[in-house]
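These protein sequences, in sequence, are chains V and F. Using the numbering used here, you'd call the opening residue of the first sequence number 1 and step up by one each time. Using the numbering used here, you'd call the opening residue of the second sequence number 175 and step up by one each time. Here a beta-carbon is modelled for each residue, glycine too, at the ideal position from N, C-alpha and C.
Number of protein chains: 2
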Amino acid sequence: MIFITGNSDKVRELELILGQKLETRDLDLSEIQSIDSEVVATYKAQNAYNLLNKPVLVEDTSLAFIGLNGLPGALIKSFLQCLTLQQIVDLLKENREAIAKTCLAYCDNNGVRLFTAEILGQIAKEPKGEKGFGWDSIFIPSGQNKTFGEMEPEEKNKFSMRQKAAEKLKGIVF
Amino acid sequence: MIFITGNSDKVRELELILGQKLETRDLDLSEIQSIDSEVVATYKAQNAYNLLNKPVLVEDTSLAFIGLNGLPGALIKSFLQCLTLQQIVDLLKENREAIAKTCLAYCDNNGVRLFTAEILGQIAKEPKGEKGFGWDSIFIPSGQNKTFGEMEPEEKNKFSMRQKAAEKLKGIVF
């Protein structure tokens with residue numbers, strides 16, 4: 001199985017969760033425009049499989065703001081390209097609730113299988129912590145008082161949507 | 175040439191501009207995640223051509239807020255699915271400048287050719303006018319004092335980015 005990603009942070013995190021090294025490949029695959037990680041990951045997994053003709057794993061993680069009716073969701077990548085984390089935080093008004101979702105899509109000759117997990121959280125009023133990547137420093141998982149960016153990798157993984165999705169995958173594909 | 179769209183408003187508007195009926199087809203094609211209409215339209219035109227093996231025209235229109243460093247751009251479709259126009263307007267703070275861009279992508283056996291035009295404008299503080307479609311009621315073209323939604327089709331076309339892009343296409347493809 002080849003993990004298709006160009007994001008070394010995601011490789012490191014998934015290897016820590018799965019407890020094994022992953023063969024990775026950075027394919028320049030288009031992502032489709034959808035706020036839904038399951039749609040994005042399914043399309044990408046199918047494309048990667050068609051290209052390599054080997055079992056592939058792709059990952060898409062979304063961040064849905066309840067106050068923006070689900071935006072940015074899987075469009076968070078474009079938001080991070082255009083805006084600073086502080087600018088993203090400032091899009092919100094009173095409602096700071098968010099859902100972080102990871103979808104792992106595995107594709108082999110039987111088609112695509114999805115392993116999805118989501119967690120609730122709050123968006124911080126300003127970025128805090130430098131330990132994570134992406135939007136880790138603005139996301140406070142529900143019931144906690146610090147952002148993913150303020151947590152060591154092992155602590156983050158206790159709460160993380162990526163951990164929960166990977167656990168589902170682990171039980172079935174490996 | 176087949177105009178690939180499921181948006182009857184765009185068909186009506188383009189037919190008015192080009193002064194002729196268009197053969198249309200609504201293909202369920204994926205759009206890629208990019209804020210840039212040229213990227214989105216190129217990909218879609220190539221896909222449509224590969225599918226139909228006939229000359230095709232696709233259109234993508236984006237709305238870039240200067241105050242959001244280009245967002246939503248071509249992601250405006252997802253914004254319109256998630257948010258009301260008032261909610262979109264409320265994402266902006268002081269800077270209400272925007273660039274509306276239409277990219278027409280024509281694809282035949284010589285590959286893709288792009289016909290792009292953009293215009294400057296301001297985002298209204300609230301939606302006004304019911305004459306247009308999409309985000310017409312929040313966009314005031316530069317130098318004007320009403321939104322596209324408050325203009326009759328002929329008046330809108332005098333200023334519209336879609337008109338300017340279509341004029342370029344008209345000179346070459348037809």
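Min CB distance residue i to chain V below 7 Å
i: F:S211; result: no
i: F:E205; result: yes
i: F:C256; result: yes
i: F:S351; result: In the structure as shown, chain F begins at 175 and stops at 348. Residue 351 of chain F is therefore absent and cannot be evaluated.
i: F:G244; result: yes
Residue i - DSSP class collapsed to helix/strand/coil
i: F:R287; result: strand
i: V:E31; result: coil
i: F:G306; result: coil
i: V:S62; result: strand
i: V:K170; result: helix
i: V:R25; result: strand
i: F:E187; result: helix
i: F:A298; result: coil
i: V:L52; result: helix
i: F:T321; result: coil
i: V:G70; result: coil
i: F:E268; result: coil
i: F:L257; result: coil
i: V:E152; result: coil
i: V:L18; result: helix
i: V:T102; result: strand
Own chain partners of residue i with C-beta closer than 6 Å, once the 5 adjacent residues on each side are dropped
i: F:D310; result: F322 and G323
i: F:I314; result: G295, Q296, A298 and T321
i: F:P301; result: L259, S311 and I312
i: F:L343; result: L278 and F289
Minimum Cβ-Cβ distance from residue i to chain F less than 7 Å
i: V:L177; result: Because chain V is modelled from 1 through 174, residue 177 of chain V falls outside the range shown and cannot be assessed.
i: V:L114; result: no
i: V:L91; result: yes
i: V:L75; result: yes
Under 7 Å between C-beta atoms of residue i and residue j
i: F:A340; j: F:I191; result: yes
i: V:C82; j: F:G244; result: yes
i: F:L203; j: F:K184; result: no
i: V:S34; j: V:A74; result: yes
i: V:A41; j: V:V58; result: yes
i: V:I138; j: V:L85; result: yes
i: F:K275; j: F:S236; result: yes
i: V:E97; j: V:I66; result: yes
Beta-carbon contacts of residue i that lie in its chain and below 7 Å, excluding the five residues immediately before and after
i: F:L226; result: I176
i: V:R113; result: Y106
i: V:Q163; result: I17 and N157
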